[in-house]
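Notes for the one structure printed next.
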Amino acid sequence: MKETNIQDQKNRIDNTTLYLIVVGIIVVLNIICLKFYARLDLTRDGDYSLSAPSKKIVRQLREPMTVKVFFTRDLPSPYSTYYRYLEDILREYRASGRNFRFEFVDLKRFPNAPDEYGIQPIQLQVYEKDQAKFIRAHIGMVFLHGDVIERIPQITTTEGLEYKITSIIRKMNDKVDKLAALNGTVEVTLFVSGNLPSQAIQGLEGLSDKMKEKFDTLNKKFMGKLKYSFIDTASDPAAEKKAIERGAQRLDWPAFRNYAAGHGFIGLTVTYGDKHENVQLLGRNLFGQYYIEGVENLESTVQGVIDNIIGLNRKIGYVTGYGEPARWGGYGMMGQQQQSQNTIANLAGFIEEQYQFENLALKDKKIPADVDALLIVGPKQRLGDYELYQIDQFIMSGKPVAFLLNGLDFPQPPPEMAMYQQQPPQGMSVNTGLEYLLSSYGVRLNNNLVLDEKCYKQQAPREYGGGERAIYFAPIAEQDNISQKHIISRRIKGLVVLQASSIEPIDSIIKTNKITYTELIKTSKRAWQKGEGVMLNYVMPPEQTNEYKQMAVAATLEGPFKSYFEGKEIPAEPSTNMKKAAVQAASAFSNQQSGFIAQAKKARVFVLGSGEMAKNSLIDAEGKYPNAVFMKNVVDWLVADSDLIAIRKKGLTYNPMKQSSDLLKTIIKVINIFGLPLIVIAFGIFLWRIDMRRRQRIAGMFK
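Note that the sequence shown covers residues 7 to 709 in our numbering.
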């Protein structure tokens with residue numbers, strides 16, 4: 007009995023020891039896992055794990071970067087899931103780069119911390135106990151890299167969050183390197199005439215002190231590379247001359263109240279070397295009163311201008327002056343920006359998040375040397391020979407251009423005449439001269455309108471009978487007709503192509519010049535085309551099946567292009583105004599070249615037969631739908647930014663089911679109806695046969 011008790015006690019000790027060993031192993035494994043983070047992501051596109059470009063970029067950090075996350079706890083769904091997603095992805099960043107750190111700030115202990123870093127609370131609508139209510143919460147983050155600060159002020163979705171974080175990390179890393187290598191200082195100058203009537207300009211009093219305060223904060227972020235000065239131009243001819251040279255705004259006023267008639271200047275300029283940009287200070291409300299606008303956001307505005315002027319962001323030029331869509335819709339009656347469907351405001355906003363985006367009126371000035379790519383969208387008017395020459399030589403230098411051109415234009419009547427219009431506009435051929443450049447490079451833009459039975463379906467109002475109406479001039483390109491090999495269109499599974507013209511390769515030129523031609527978007531095989539005179543609302547499918555054919559509407563060309571002007575007379579500059587503008591703007595592109603470039607060593611061109619694809623009507627403001635993703639990929643491809651393209655494609659919201667043939671659908675239906683019962687019957691027969699054999703075997707044993 008005694009031996010049994012001793013044995014039981016020994017067993018208990020062994021079990022306790024084993025338990026402690028297991029607990030110790032688990033603790034050690036957890037400590038190891040804190041240092042070596044890993045997770046298993048079974049999604050096809052790796053939606054819940056860090057992409058390879060993000061890992062590469064975070065590994066390039068040479069100095070510590072700290073991310074402070076301000077996130078109100080105990081929020082209801084879906085915001086509670088954002089917290090977990092954000093924590094997981096930041097852990098992956100930390101595991102990928104030893105100089106990356108993050109922390110979730112305890113807002114109960116430090117309630118004022120978000121305000122110190124410029125993170126404002128947002129209002130959320132939540133549902134609790136069958137009631138809707140609004141709460142204020144902080145959901146934002148701040149990136150600290152040396153004295154450089156960047157923010158994501160609010161996180162309202164996890165879609166595209168990795169793209170935003172990686173973009174900021176790369177931008178800050180590049181910024182630190184750029185500032186360290188900066189020669190001289192960046193001058194920030196405030197021009198304000200002391201004789202300006204302060205009563206007539208709201209917010210003018212104390213502007214200099216506010217600017218000095220903003221500048222002191224900003225200078226820390228730019229590693230002390232800024233120099234601030236305030237200049238009063240009143241009664242100082244030299245100061246007034248400098249204000250005019252820097253582009254400060256001049257104001258003239260008549261005598262009123264206690265103010266004598268006079269003039270003055272106001273403006274904020276940023277200058278580095280021979281470059282300078284102006285910051286808009288003065289606004290005007292509906293009643294005509296002037297006011298100082300955006301003082302609270304002035305710091306971020308000036309920061310963006312400085313980033314541009316020191317060359318931190320690559321520059322994309324938007325060719326203007328030929329009837330192309332405007333970049334934005336202007337201001338409404340209350341001073342708010344209007345978002346017209348016929349502008350490219352949404353696309354311009356996305357471009358300006360990563361790059362400089364500058365209008366280029368080629369009639370007035372040459373293409374500046376610091377422009378990295380050109381975007382040409384839907385011009386309607388003929389370009390001059392010298393303007394075509396500039397674009398041609400820009401391409402010959404190895405810089406890329408995106409052509410979004412329509413072969414047919416459908417001119418709309420003025421609004422006051424629209425009610426008298428008896429019939430919809432008819433298609434008219436567009437001749438801008440750019441089609442000649444494209445033909446010399448190896449692609450032809452046709453003067454037609456592409457129509458497709460596979461198209462967008464519009465819901466008709468009930469008063470018109472309801473149902474669907476096929477919009478044949480808005481083809482839907484499905485995944486099978488979108489190149490999944492090219493980086494621009496890879497993983498994009500559907501696009502709406504509006505009022506497009508077809509393009510086709512010129513095989514002789516492509517073969518002779520060894521050009522790589524890649525079709526990106528094609529119509530379905532049930533597409534057809536119409537030429538001049540076609541009316542959008544009066545189009546029906548053709549009766550003859552031989553009119554149907556598949557057509558390409560977008561493609562890229564890469565290789566050693568030959569200049570369109572080879573063997574032709576070089577166009578002369580049209581006026582002296584352009585010469586003056588070119589000297590003032592900076593050294594022009596063509597002046598840098600040692601003469602005419604007959605052939606590019608390696609050029610890249612994107613061609614799309616629709617300028618409508620860049621407009622707000624097809625690009626959503628959030629930028630999460632396929633058309634917006636496609637156009638943003640085009641812009642990144644222009645500046646050879648393949649890393650951002652790869653990150654952006656993760657988690658695309660549009661993921662349609664693959665269309666099956668009618669025969670396959672019928673087969674699946676038959677299997678669902680009759681297949682399962684037949685399988686059950688077959689399985690029953692199989693079991694019955696096994697049972698019969700068992701019975702026969704047992705019976706044989708007793709014979």
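All residues carry an ideal CB built from backbone N, CA and C; glycine is no exception.
Along the chain, where does the alpha helix (DSSP H) containing residue i start, and where does it finish?
i: Val-308; result: 304-315
i: Ser-507; result: It is not in any alpha helix (DSSP H) - Ser-507 carries neither H nor E in the DSSP assignment.
i: Tyr-554; result: That residue, Tyr-554, is in no alpha helix (DSSP H); it is neither H nor E in DSSP.
i: Ile-603; result: Segment: none, Ile-603 is in no alpha helix (DSSP H) and carries neither H nor E.
i: Ser-235; result: First-last for Ser-235: 232-237, but that is the beta strand (DSSP E), not the alpha helix (DSSP H).
i: Ala-634; result: 632-644
i: Ile-175; result: 167-186
i: Gln-396; result: 391-402
How should residue i be labelled, buried or exposed, when 16 other C-beta atoms within 10 angstroms of its C-beta is the threshold for buried?
i: Ser-173; result: buried
i: Gly-433; result: buried
i: Pro-59; result: buried
i: Thr-562; result: buried
i: Phe-708; result: exposed
i: Lys-531; result: exposed
i: Leu-380; result: buried
i: Phe-228; result: buried
i: Pro-1; result: Only positions 7 to 709 of the chain appear in the structure, and residue 1 is not among them; the question remains open.
i: Tyr-169; result: buried
i: Leu-440; result: buried
i: Leu-444; result: buried
i: Arg-497; result: buried
i: Trp-694; result: exposed
For a quick check, are the C-beta atoms of residue i and residue j less than 8 Å apart?
i: Asp-94; j: Asn-352; result: no
i: Glu-165; j: Pro-82; result: no
i: Tyr-88; j: Leu-56; result: no
i: Cys-461; j: Tyr-478; result: yes
i: Ser-508; j: Asn-454; result: yes
i: Glu-510; j: Arg-468; result: no
i: Ala-483; j: Thr-529; result: yes
i: Ala-384; j: Ala-506; result: A quick correction: the sequence has Gly, not Ala, at residue 384. No. Outside cutoff.
i: Ala-143; j: Asn-201; result: no
i: Met-71; j: Ile-171; result: no
i: Asn-519; j: Pro-548; result: no
i: Leu-457; j: Met-619; result: no
i: Tyr-361; j: Ile-322; result: yes
i: Gly-327; j: Lys-369; result: yes
What is the C-beta distance between residue i and residue j, in whole angstroms, given that I count them as a contact (C-beta under 8 Å)?
i: Val-198; j: Leu-213; result: 6 Å
i: Tyr-297; j: Gln-208; result: 4 Å
i: Leu-366; j: Val-325; result: 5 Å
i: Phe-140; j: Leu-113; result: Phe-140 to Leu-113, Cβ: 18 Å. No contact.
i: Lys-574; j: Gln-605; result: About 14 Å; that fails the 8 Å criterion.
Where does residue i fall in DSSP's three states?
i: Ala-483; result: strand
i: Asn-454; result: coil
i: Lys-520; result: coil
i: Lys-281; result: strand
i: Trp-334; result: coil
i: Pro-385; result: coil
i: Thr-672; result: helix
i: Val-545; result: coil
i: Pro-243; result: helix
i: Lys-372; result: coil
i: Glu-359; result: helix
i: Ser-514; result: helix
i: Ile-653; result: helix
i: Trp-694; result: helix
i: Thr-195; result: strand
i: Glu-98; result: helix
i: Tyr-133; result: strand
i: Gln-205; result: helix
i: Lys-568; result: strand
i: Lys-405; result: coil
For residue i, report the span of its beta strand (DSSP E) as first-last.
i: Glu-441; result: Taken as a continuous stretch (DSSP letters only), Glu-441 belongs to no beta strand (DSSP E), being part of the alpha helix (DSSP H) at 440-447.
i: Glu-122; result: Counting along the chain, Glu-122 falls outside any beta strand (DSSP E), though it belongs to the alpha helix (DSSP H) covering 119-122.
i: Ile-145; result: 145-151
i: Thr-326; result: 321-326
i: Ile-155; result: 154-158
i: Leu-257; result: 255-259
i: Thr-72; result: 71-77
How about residue i: is its C-beta nearer than 8 Å to some C-beta of chain E?
i: Glu-299; result: This model lacks chain E altogether; it includes just one protein chain.
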